[in-house]
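The structure under discussion appears below in the form of structure tokens.
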Amino acid sequence: MARKPRVKDNYATYHIRQRGSGIIELFADQADRKEFLDIILKTGEKNNIQIMSYCISEPDCYDLIIDANGCDISKVMKEINIRYSIYKKCEGCLFKDRFQSELLSSSITASDPTPITDFSSCKEFLRCMSEMTVVSETSFESFPGSLEQVYERGRQERIETVEEAREHVEERLDALAMDWQQLKKDKSLRNQLILQMKACSTLTLREIGEVFGGLSESTVSKLVNSGIK
């Protein structure tokens, strides 16, 4: 039977579930879980997505709630799973099939929740909630527009084409009284703009390279991965 095509929305929030293949345990101990947490947090920061919640308390599966924030969720999950597979050094496929995903459009409640453990974000969430100042409903009246309007503004401000990206860079250069030739010589500024472009656009690495004078995809990838330290 053919698999159903995955429902995608690059600006949606997803519930992700990934199961292990059963060859070895995904999470054999706390060291495994800490490594996985490090991977998802770094991947989230690199791709400018929000890891809103996680649960890695089970040995053979994990759950994530991710705000895609303009990114292709399949590419993000591929990166997470590849990096963790390299860490585990599994002889064979570490994961079973493709990950399961569900678009979230409303509040959800687990009907049979697993116990809160050190490796569930629920514990951290409850700790933070106990330390937060309660905000009244009237406080939200000062927010600029409804949630739907804020969401739509986010869509509109996201850079989605090479032409939009060039215009964005040119605006930055005009503000700095610089031109493209000067930018080409100022690699520090160029690299910062590349990182910002990766964070605020849906462009591929190849397209970002095109914007910045024909840089190769591998060069852009190295810059993004290194964070320009």
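Numbering (the working numbering), first residue to last: 215 to 443.
Each residue gets a CB set at the ideal place from its N, CA and C atoms; glycine is no exception.
Just so you know, these numbers come straight off a predicted model, no measurement behind them.
Could you give the distance in angstroms between the alpha-carbon of S267 and the alpha-carbon of L437? Approximately 28 Å, taken between the alpha carbons.
In terms of alpha-carbon separation, which member of N283, Y298, L255, F309 lies closest to I237? The option with the nearest alpha carbon to I237 is F309.
Looking at the structure shown, is S474 part of a helix, part of a strand, or coil, going by DSSP? Only positions 215 to 443 of the chain appear in this structure, which leaves residue 474 out of reach.
So what does H382 bridge to, in DSSP terms? Per DSSP, H382 has no beta-bridge partner at all.
Going by the CB atoms, is the gap between E316 and Y225 shorter than 8 Å? No, the Cβ-Cβ distance between Y225 and E316 is not below 8 Å.
Shortest alpha-carbon distance to S299 belongs to which of R233, E381, N262? The residue with the shortest Cα to Cα distance from S299 is R233.
Note the first and the last residue of the continuous alpha helix (DSSP H) segment covering S288. 287-302 is the span of the alpha helix (DSSP H), which, as asked, contains S288.
Whose C-alpha, out of K302, S271, I265, is nearest the C-alpha of M291? Relative to M291, the option among K302, S271, I265 whose CA is nearest is I265.
Whole angstroms are fine: how far does the CA of Q396 sit from the CA of S271? A straight line joining the alpha-carbon of S271 with that of Q396 spans about 52 Å.
What's the C-alpha gap between E259 and D286? Distance between E259 and D286, taken at the CA atoms: about 14 Å.
L240 versus Y276 - alpha carbon distance: The straight-line gap separating the alpha-carbon atoms of L240 and Y276 is approximately 9 Å.
Measure the CB-CB distance between R380 and V425 and report whether it falls below 8 Å. Taking 8 Å as the Cβ cut-off, R380 and V425 qualify as a contacting pair.
Looking at S435: is its Cβ nearer than 8 Å to the Cβ of L417? In this structure, the beta-carbon distance from S435 to L417 does not fall below 8 Å.
Residue range of the beta strand (DSSP E) that includes D246: D246 -> not in any beta strand (DSSP E); alpha helix (DSSP H) instead, spanning 244-261.
Proximity below 8 Å, CB of I253 to CB of I294: Going by C-beta atoms, I253 is nearer than 8 Å to I294.
What do you reckon, are the CB atoms on E249 and Y301 nearer than 8 Å? Less than 8 Å divides the Cβ of E249 from the Cβ of Y301.
Please state the DSSP three-state secondary structure of R420. In this structure, R420 counts as helix in the three-state DSSP scheme.
Go ahead and label C307 buried or exposed: buried means 16 or more other beta carbons lie within 10 angstroms of its beta carbon, across all protein chains shown. If you draw a 10 Å sphere on the C-beta of C307, you find fewer than 16 other C-beta atoms in it, and that means exposed.
So is M346 buried or exposed if we call it buried at 16+ other beta carbons inside 10 Å? Because the pLDDT of M346 is 39, which lies under 50, any placement of that residue in the model is unreliable, and the number read from its coordinates should be weighed accordingly. By the neighbour-count rule (16 or more Cβ atoms within 10 Å), M346 is not buried but exposed.
Helix, strand or coil: how does DSSP classify S315 here? Annotated three-state conformation of S315 is strand, per DSSP.
Coarse secondary structure for S415, derived from DSSP in three states: Annotated three-state conformation of S415 is strand, per DSSP.
Would you mind sorting N283 into buried or exposed? The rule is 16 or more other CB atoms within 10 Å of its CB. Buried.
Can you tell me the Cβ-Cβ gap for V376 and E421, rounded? I've got them flagged as a contact below 8 Å. With a Cβ gap of about 5 Å, V376 and E421 count as contacting.
I'd like to check one pair, G427 with K398: are the Cβ atoms closer than 8 Å? By the CB criterion at 8 Å, K398 and G427 fall inside the cutoff.
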